[in-house]
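Written out below as structure tokens is the structure these notes cover.
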RNA sequence: GCCGGCGUAGCUCAGUGGCAGAGCAGCUGUUUUGUAAACAGCAGGUCACGAGUUCAACCCUCGUUGCCGGCUCCA
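Numbering (our numbering), first residue to last: 567 to 1205.
Listed below in structure tokens is the structure:
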């Protein structure tokens, strides 16, 4: 059901060069579905500025890189090399693995080629001619076969019209390509690109096909632009939740516990608790009820629901007890539907019923897919299943939308877009055209009725229905798939979920799957990076540190102030160490504690505290009660 | 799971086929301090784990485990 909980980071790198928000492409390169959207040297569909100079620079640099690689490895097979959001890549089949030294070598060869001022020469050829030119290039021959058959470069369906086959040649290197390119290599800034990394990549993105070596590079119109980009990468590293998680003491991983199984410290758990409490409170306010359905389920339930067939490989191995086989719960929908059934006959008057649950689920993700808190094997969804009649879909969708808007706004993620994920032609999707049709129509009309604009993407649906996924933009302009609303006409029927209608006949309810933050773990990762660890007061695990100037003279007063605040539910510590005040301030500052409350002789005498914020601002002495009032207002406002 | 890289003290990192190193953190002592690091001393490591090669392995080889960059996947 819910995809977003484990979705990889999906930063929107397309806006890197745009503006204000430092763009930020840590995880981005290549994965913006490059293989789907950008075909071999062809312009990506739906992008407007593809013919601009930067696009040509990147595209041309890719060809130059391929030439450099061929110089070093004359036997190299070359695959594809498109521009991507922050640069370009090229895939190669090479006799050995590339090393960092190779990258340096390739880079300097590229500069030499660039300085040669070689023209990019275009020519159109027949398929037969192309096969001669690329006679020793198996991957190119496969591409040519596809082009000759009228397919797009990814082997997609024939479009009926003849495809023009063309090549571009610079210096000694000729590549199958549609262009466009710069006029000559000298137009590629020799100091505006940098080879970044080598990675494995499957030919045509298919894990059953050969794995190639992909060289990723970033390229810009100038040295300054390159440096700006590299600086942004550094900024992203500074905010990395894995780094901050350790520095701020929020969570750890242990080889003894296992990969992808995070351990949360008291501080980390306090953040979890605050996040989940908030969503629980908001959900209750929006009419949702909370249920609890445990961690183990008999495997037979997943046979019935269809999850077993689709996701068997990513469930943890079974626990066998005599005739019973149990599984750690990898999703909630079957459990919630079972609960619905066990609660007895339901009248249409009871609908909609909205079962929400903070459920820790276990998914045996591929070891290579694990990444910090964004992709884990134990995750806690803020899941919900709404059982309703077809007539109620629209209203329930609106209700979900309101909740999502409220929560995202609270977390200062109000800039988001919606992706409508539809069924593709092939794959895992349940084959029931009529139900898909109805579910998709219902979702579209709900989106339209709410004035939500969206972009439809095929092939991204859940196996049981279409999804509206919310991609929220963080402070660095990266996009994260967090919230989701999914319409399911299929599972309730499979599990025999029914209600008695007005006509006193049995009917199958529609199931709306919905999550707001996605999963606690992933959302926490996003929040850590969004706030760079400087959480708003209501979320901060430690809201204030009291710093006695002299631990001998001022501890008593400090402890009294702490006790007063703690009694009101505030999370305040006293730094009793014998460090000097400056050291204590530095410590609190680096822990990103919102308020430092300094107490010395003057404050103790006046019943006040000297307030310093983590932004370095000195608010001066404030009466203890005044500070408490102010802080509590800030907490209540979640600002 | 696949390709590549990596794992030295709690953290950040040096290091060599022949005795294991620094800074910070920690502990102890002195200092009792006014808005981002007082001073000194001490302690801290089966060099991820297991096997192999070698007179000798943190270093070379293989396996395992975990992490990182990608690919694939993501209910």
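Cβ coordinates follow ideal geometry from the N, Cα and C atoms, glycine included.
- Taking C-beta atoms as the reference points, residue 1074 and residue 1092 fail to come closer than 9 Å.
- When DSSP reads this structure, residue 1184 sits in a beta bridge with 1178.
- Close CB contacts of residue 1099 within its chain, under the 7 Å cut and outside five residues either way in sequence, are with 810, 814 and 1158 (chain order).
- Non-local C-beta neighbours of residue 854 in its own chain, meaning closer than 7 Å and more than five positions away in sequence, comprise 920, 922 and 950, ordered along the chain.
- By the Cβ rule, the segment 1026–1044 counts as touching the segment 970–986, because three or more pairs are nearer than 8 Å.
- Distance from the CA of residue 625 to the CA of residue 917, rounded to the nearest whole angstrom, comes to 56 Å.
- Under the DSSP definition of a beta bridge, residue 954 partners with 1076.
- Measuring C-alpha to C-alpha distances from residue 679 to each of 714, 755 and 665 identifies 755 as the nearest.
- Apart from sequence neighbours up to five positions away, the residues of its chain that approach residue 935 with a beta-carbon distance below 6 Å are 941, ordered along the chain.
- With three or more CB-CB distances shorter than 8 Å, the segment 732–746 counts as touching the segment 631–648.
- Bounds of any alpha helix (DSSP H) do not take in residue 982; it lies within the beta strand (DSSP E) bounded by 982–988.
- Proximity to residue 1166 across 1181, 883, 1186 and 1160 peaks at 1186, based on C-alpha coordinates.
- Fully contained in the segment 1047–1109 are the following alpha helix (DSSP H) runs of length 4 or more, in chain order: 1057–1060 and 1086–1096.
- For the 9 Å CB-CB criterion, residue 1032 and residue 903 do not form a contact.
- The shortest C-alpha to C-alpha distance from residue 687 to any of 703, 1039, 638 and 742 is the one to 742.
- Looking at the DSSP output, residue 640 sits in no beta bridge, so it has no partner there.
- CA-to-CA, the gap between residue 664 and residue 773 works out to about 21 Å.
- Taking a cut-off of 8 Å on C-beta distances, the segment 959–967 touches the segment 1075–1085, as three or more cross pairs fall below it.
- In this structure, the beta-carbon distance from residue 989 to residue 1015 does not fall below 9 Å.
- Bridge pairing for residue 650: 653 [DSSP].
- If you ignore the 5 residues before and after residue 1144, its C-beta comes within less than 8 Å of the C-beta of 1117, all in its own chain and listed in chain order.
- Taking the Cα positions, residue 731 is about 15 Å away from residue 646.
- In the DSSP assignment, residue 751 falls outside any beta strand (DSSP E), carrying neither H nor E.
- Bounds of the beta strand (DSSP E) holding residue 863 are 862–864.
- When the beta-carbon positions are compared, residue 776 and residue 659 come within less than 9 Å of each other.
- Short of 7 Å from the beta carbon of residue 848, and not among the five residues preceding or following it, lie these beta carbons of its own chain, in chain order: 969, 972 and 973.
- The Cβ atoms of residue 1204 and residue 976 lie closer than 9 Å to each other.
- Shown here for residue 1008: same chain residues with a beta carbon closer than 6 Å to its own, the five before and five after excluded, namely 959 and 1053 in chain order.
- Contact check for residue 924 against residue 801 fails: the beta carbons are separated by 9 Å or more.
- Boundaries for residue 618: no alpha helix (DSSP H) harbours it, and the DSSP string shows neither H nor E there.
- Per DSSP, the unbroken alpha helix (DSSP H) holding residue 1123 starts and ends at 1117–1133.
- Residue 1189 places its beta carbon less than 9 Å from that of residue 1174.
- For residue 705, the enclosing alpha helix (DSSP H) stretches over residues 704–714.
- Residue 630 carries a helical assignment under DSSP once its states are collapsed to helix, strand and coil.
- Boundaries of the alpha helix (DSSP H) around residue 968: 959–976.
- By the 16-neighbour rule on beta-carbons within 10 angstroms, residue 1037 is buried.
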